[in-house]
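Participant: In my numbering, the protein residues as written are 11 to 340.
Here a beta-carbon is modelled for each residue, glycine too, at the ideal position from N, C-alpha and C.
Just so you know, these numbers come straight off a predicted model, no measurement behind them.
This structure is in structure tokens; I'll ask about it shortly.
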């Protein structure tokens, strides 16, 4: 399957409401997988150095391990790697003084790794990666990104939403987002550049690069990047757009609101969708959430968020992408 065939397949599944069939599609076929489809969730928060935040993250990692039913068999903590085979392994490897030291930045991930391999060049469905900055860290806020298989929506869609809401509450995020995504092994220019036709055609496709966005906004906690199927903001940001009562009044029953202690999650539809700009379809629920939260959007990008082919202006592409749910002709 070449890229044109992949785009056609995605359009066909989108038309028929069968996006979960993308779970096992990779490009190219065979053992060398360039990317996969699934759900991605990205979370942004301050106070990554505190014991409370780090304990909450440890607990979420254990919960994610259980969600993947043991497929996350590999843990890397501050660049030290080891195989894991139980949720207790996750807790034991992170329950150390080094992890809870406020003066040290902690980073770790758990993921699936093929047997006999310590490194893999393929993307995987099961991946949970974290940065917990130390006090005084200059590289921006804390962040978490995890991935979920599309089939999980059929198995336990309520659980998918519940995990997202609980993570927002436990990490005290100022912003979080989740939607259907491409999984890349690397976010290097080559991989995302090749996906340009997909991002241009399917507006519901989320591109979640926490490192890029965090370096752009640094320590700011008063902006968001874009919206998708699930979008969270904290109470401070919510008040800037009128508060919870205003959200209910404006958005009506089409958008499900999940208030939690410290913020709210906007759910734009029962399941994530992609839309198709070639057919004039922009997800209306996504557009409604976008219009409501638009005053919070970060606008003045210093660097491009997405990479593109050489004949495309990457700053204009970034501007188009962050505004892709705005009203009017796109």
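Provide the residue(s) that pair with residue 239 in DSSP beta bridges, ordered along the chain.
Facilitator: BP columns for residue 239 are empty, so no partner.
Participant: May I have a chain-ordered list of the beta strand (DSSP E) segments no shorter than 3 residues that lie completely inside the region 161 to 206?
Facilitator: Fully enclosed beta strand (DSSP E) runs of 3 or longer: 185 to 194.
Participant: Which residues share a DSSP beta bridge with residue 47?
Facilitator: BP columns for residue 47 point to 192.
Participant: By Cβ distance, which residues of its chain are closer than 7 Å to residue 251, with the 5 residues on each side in sequence left out?
Facilitator: 302, 303, 305 and 306.
Participant: Whole angstroms is fine: what's the gap from residue 259's alpha carbon to residue 188's?
Facilitator: Going from the Cα of residue 259 to the Cα of residue 188 covers about 24 Å.
Participant: With a cut-off of 8 Å on the beta carbons, I'd call residue 122 and residue 46 a contact; round off their distance for me.
Facilitator: About 11 Å separates the two Cβ atoms, so there is no contact after all.
Participant: With a Cβ-Cβ cutoff of 8 Å, do residue 51 and residue 186 count as a contact?
Facilitator: Going by C-beta atoms, residue 51 is nearer than 8 Å to residue 186.
Participant: Under a three-way DSSP split, which group does residue 325 fall into?
Facilitator: If DSSP states are grouped into helix, strand and coil, residue 325 belongs with the helices.
Participant: Got a sec, what are the start and stop residues for the alpha helix (DSSP H) residue 295 sits in?
Facilitator: Residues 294 to 303.
Participant: Residues bridged to residue 152 by DSSP?
Facilitator: Bridge partners of residue 152: 55.
Participant: Express the C-alpha separation of residue 323 and residue 341 in angstroms, rounding to a whole number.
Facilitator: In the structure as shown, the chain begins at 11 and stops at 340. Residue 341 is therefore absent and cannot be evaluated.
Participant: Would you call the CB atoms of residue 212 and residue 20 closer than 8 Å?
Facilitator: Yes, Cβ-Cβ distance for residue 212 and residue 20 is below 8 Å.
Participant: Quick one: using the 10 Å Cβ neighbour count with 16 as the cut-off for buried, is residue 344 buried or exposed?
Facilitator: Residue 344 lies beyond the range of the chain shown here (11 to 340); nothing can be said about it.
Participant: Out of 285, 283, 284 and 248, which has the shortest C-alpha to C-alpha gap to residue 267?
Facilitator: When each option's Cα is compared against that of residue 267, the closest is 248.
Participant: Report yes if the C-beta distance between residue 332 and residue 236 is below 8 Å; otherwise report no.
Facilitator: Their beta carbons are under 8 Å apart, which means residue 332 touches residue 236 by this criterion.
Participant: If I measure Cβ to Cβ from residue 339 and keep anything under 7 Å in the same chain, skipping five residues before and after, which residues do I get?
Facilitator: Reliability fails at residue 339, whose pLDDT of 42 lies under 50, so the model's placement of it is uncertain and the value that follows must be treated cautiously. Closer than 7 Å at the Cβ level, and outside the excluded window around residue 339, lies no residue.
Participant: Count the other CB atoms within 10 Å of the CB of residue 151; is the residue buried (16 or more) or exposed (fewer)?
Facilitator: Buried.
Participant: Give the range of the alpha helix (DSSP H) segment to which residue 63 is assigned.
Facilitator: From DSSP, the alpha helix (DSSP H) with residue 63 extends over 61 to 77.
Participant: On the DSSP bridge assignment, give the partners of residue 124 in chain order.
Facilitator: Paired residues: none, contrary to the question.
Participant: Output the distance between the C-alpha atoms of residue 309 and residue 95, rounded to the nearest integer angstrom.
Facilitator: Their backbone Cα atoms lie some 44 Å apart in a straight line.
Participant: Rounded to a whole number of angstroms, what is the C-alpha to C-alpha distance between residue 91 and residue 168?
Facilitator: Near 33 Å, if we compare the C-alpha coordinates of residue 168 and residue 91.
Participant: Looking at the unbroken alpha helix (DSSP H) that takes in residue 212, where does it start and where does it end?
Facilitator: Where residue 212 is concerned, there is no enclosing alpha helix (DSSP H), given that its DSSP letter is neither H nor E.
Participant: When we look at the beta-carbon of residue 14 and count the other beta-carbons within 10 Å, is it buried (16 or more) or exposed?
Facilitator: Classification for residue 14: exposed.
Participant: Using 10 angstroms around the beta-carbon of residue 300, count the other beta-carbons present and answer buried if the total reaches 16, otherwise exposed.
Facilitator: Answer is buried; the Cβ neighbour count reaches 16.
Participant: Quick check: residue 109 and residue 64, are their CB atoms within less than 8 Å of each other?
Facilitator: For residue 109 and residue 64, yes; Cβs fall inside 8 Å.
Participant: Nearest CA to the CA of residue 79: which residue from 34, 120, 229 and 318?
Facilitator: It is 120.
Participant: Pull up the CB-CB distance for residue 238 and residue 216, whole angstroms please, since I reckon it's below 8 Å.
Facilitator: Rounded, the Cβ-Cβ distance is 5 Å, consistent with contact.
Participant: By DSSP's criteria, residue 371 is part of a beta bridge. Which residues make up the other side?
Facilitator: Any property of residue 371 remains undetermined from this structure, which presents the chain solely from 11 to 340.
Participant: Alpha carbon to alpha carbon, how far is residue 286 from residue 23? Give it in angstroms, no decimals.
Facilitator: Between residue 23 and residue 286, the C-alpha separation is close to 11 Å.
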